[in-house]
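First residue of the sequence shown? That's 264 in this note's numbering, and the numbers climb one at a time after it. Step one of this worksheet: look at the structure below.
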Amino acid sequence: MLTLPNWTGPLDATEQARMIVWRRHLHAEPELSFHEADTAAYVEQTLGELGIGPVYRLGGHGRVAWLGGGSGPAVMLRADMDALPIQEQSGLPFASRRPGAMHACGHDTHTAVLLAVAARLKAHEAALARRVVLCFQPAEEVGQGAAAMIADGLLDGTYAPGAPAVDRALGLHVWSRDRTGHIVATPGAFMGTVDDFTVRVHGRGGHGALPHEARDAIVAAAAIVLALQTVASRRVDPLDPVVVTVGAMHGGSAFNIIAEEVTLRGTVRSYSDQVGAASPGLVREVAEATALAHGCTAEVDYQRHAVALHNDAETAAWVREAAAGAHGVTGIDGTFRLLAGEDFAWYLRRVPGCFFFVGCGGPDGPSEPHHSPRFRVDEAALPVAAEVMLRSAARCLAT
Ligand SMILES: [Zn+2]
Ligand SMILES: [Zn+2]
């Protein structure tokens, strides 16, 4: 049986009510990636009201503070703050007041939960044997915020005199595809890469009735879309998951004109470093050679936004152990994986840690998926998230 300090107990009614106020404020005022100015100011102000500071600015609109004792390395707790370019249709009374922006992934809840955790830690600061770094990260949805904060010295503690280096990292995500009370902390590969590619197919325009005088970029692009599926089915070990999706295809202007140019945009998701490293070359090879087979050419631009997220097995076990005693937890899983991406992966390339899921789909979940204009979080998941985070942090601090 895991024995944890008394400051890890469930949030009381006052703490919960305050957290919900923070969450609803943030939900109503969403800001897109790298534009989180008001959100960051709200976080900084709230930390100030809690007596936590100084607050440092890293990675654009990122905010960092630390608390606790000792002079050694710290455990980092991270929340992301950005919203998505979606027009909200949730019907909630505290729905977005900003047209075209919505907290449709739940990052508003992550920020509110970390503020609640911070408040509790501050109230028991003298009891903390080690230091805790609070990381409020921008720009997760575009996969660039974590790297920006690391570049500004977040993990090395070079952003301020006396700032602690980080030796372990914890992060959480609410998960609407699972019922409230369910926790997932999977060891090893948990989430996929986020690769983003653009293929520009160049042909030669011409008359729709004289195809032999033209080079049809639409036919070439259509063949590339299908051929790209063979990257997953024929070129990668079937025991090593990979998804190739072409999500956009643009070209042509009229029914009787052969298109000269078509642009494809897509993504590749995978878990292993081997497939991650091979993907750009495979996409390039298939696109270029297929275009050539149709008398066209293809230019490929391939960007990597996030590496695969690998949880440290020991830390994931601690989170599951910690979750087992938390109020409202009704199920714990250590096997679920998905190919969605998460830039927390960059921290886990530098330090051990765990990124875990907290079900928020309601008692009968799942509910509407993330990134949907109708996405909603069951707020009963927030105190569960806060308590599991507190307990997990305490377990990490005990080492
Ligand atoms: Zn998202
Ligand atoms: Zn998210």
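C-beta: ideal position from N, C-alpha, C; glycine also. Predicted model only: the values in this text are computed from it and were never measured.
| Item | Value |
| --- | --- |
| Distance between beta carbons of residue 614 and residue 432, contact taken as under 8 angstroms | 5 angstroms |
| Paired residues, beta bridge with residue 619 - DSSP | 435 |
| Secondary structure, beta strand (DSSP E): runs of 3+ residues fully inside the segment 466-527 | 505-514 |
| Rounded Cβ spacing between residue 434 and residue 393 (contact assumed at less than 8 angstroms) | Contact doesn't hold; Cβ gap of about 18 angstroms is too wide. |
| Residue 631 (DSSP reduced to helix, strand or coil) | coil |
| heavy atom of ligand 1 below 8 angstroms from residue 298 C-beta | no |
| Distance cut-off 8 angstroms: residue 290 Cβ against heavy atoms of ligand 1 | no |
| Check whether residue 620 and residue 437 have beta carbons under 9 angstroms apart | yes |
| Touch test, the segment 414-425 against the segment 519-539, Cβ-Cβ under 8 angstroms, three pairs minimum | no |
| Pairwise C-alpha distance: residue 622 and residue 296 | 24 angstroms |
| Close Cβ partners of residue 520 (< 8 angstroms) along its chain, the five nearest in sequence each way excluded | 468, 469, 470, 471 |
| Same chain only: Cβ atoms within 6 angstroms of residue 271, ignoring 5 sequence neighbours per side | 653, 654, 657 |
| Any non-hydrogen atom of ligand 1 within 8 angstroms of residue 633 CB | yes |
| CA nearest to the CA of residue 328, picked from 314, 298, 396 | 396 |
| CB of residue 343 within 9 angstroms of CB of residue 408, strictly | yes |
| Expected contact under 8 angstroms - CB spacing of residue 481 and residue 515 to nearest Å | 6 angstroms |
| Element boundaries [alpha helix (DSSP H), containing residue 306] | 300-312 |
| Best match in 523, 525, 566, 555 for proximity to residue 544 [C-alpha to C-alpha] | 566 |
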